[in-house]
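Working notes for the structure below.
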Amino acid sequence: MKTESLEAIWRTVRSIPRGQVVTYGGVARLAGLPGRARLVGYALRVAPAALRLPWHRVVGSGERIVFPKQSREHAEQSRRLRAEGVKVINGRVQRRSAVDLDEMLWKPR
DNA sequence: GTTGTGACATTAT
DNA sequence: CATAATGCCACAA
Numbered sequence: 057m058k059t060e061s062l063e064a065i066w067r068t069v070r071s072i073p074r075g076q077v078v079t080y081g082g083v084a085r086l087a088g089l090p091g092r093a094r095l096v097g098y099a100l101r102v103a104p105a106a107l108r109l110p111w112h113r114v115v116g117s118g119e120r121i122v123f124p125k126q127s128r129e130h131a132e133q134s135r136r137l138r139a140e141g142v143k144v145i146n147g148r149v150q151r152r153s154a155v156d157l158d159e160m161l162w163k164p165r
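To convert, count from 1 in the first sequence and add 56; that's my numbering.
Shown next, in the form of structure tokens:
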């Protein structure tokens, strides 16, 4: 049922850890709905505000923010992500591998 | 029932 | 990098 799908998506989004981002397609896949990225967008659009979903952790393919650069949503998402330590440059979330590499080179010892 | 529109993704030009 | 074509599918008109 469709409400089932929406709930599965909401649960999945709710499970995204702080400081981590997942693509629309990724959420769909994790929710057991492969190939239905658009439904994820719809699910987030109609999600009850009461759920307090971390919608800002969901990005487009290539870890790009899907909202138009000038939009309020775009600014909002960038702000929220940066508030969690996620680097966002030019509407693009910096690759985690680069961050991990930095951690590796600095942490040891 | 048909058509247009998306908080999208992937592949091919 | 930019565009277009497809696939996907819920919803509104």
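Note that the Cβ used here is the ideal one computed from N, Cα and C, for glycine as well. Predicted model, so just to flag it, every value in this text is computed and none were measured.
Three-state class that DSSP yields for residue i in the structure shown
{"i": "I145", "result": "strand"}
{"i": "G118", "result": "helix"}
{"i": "V77", "result": "coil"}
{"i": "A84", "result": "helix"}
{"i": "R92", "result": "coil"}
C-beta contact flag for residue i and residue j at 8 Å
{"i": "E129", "j": "T79", "result": "no"}
{"i": "E72", "j": "A99", "result": "Position check: residue 72 holds Ile in this sequence, whereas Glu was assumed. Taking 8 Å as the Cβ cut-off, I72 and A99 do not qualify as a contacting pair."}
{"i": "G75", "j": "E132", "result": "no"}
{"i": "A84", "j": "V96", "result": "yes"}
{"i": "S117", "j": "G91", "result": "no"}
Proximal residues to residue i (C-beta, below 8 Å), its chain only, five neighbours per side dropped
{"i": "P124", "result": "H130"}
{"i": "V149", "result": "V77, V115, E119, R120, I121, L137, V142, K143"}
{"i": "R67", "result": "A87"}
Sequence-distant residues of its chain with Cβ nearer than 7 Å to residue i (five each side left out)
{"i": "S134", "result": "I121, V144"}
Cut-off 6 Å between Cβ atoms - residues of its own chain near residue i, not counting five sequence neighbours on either side
{"i": "R113", "result": "I72, V77"}
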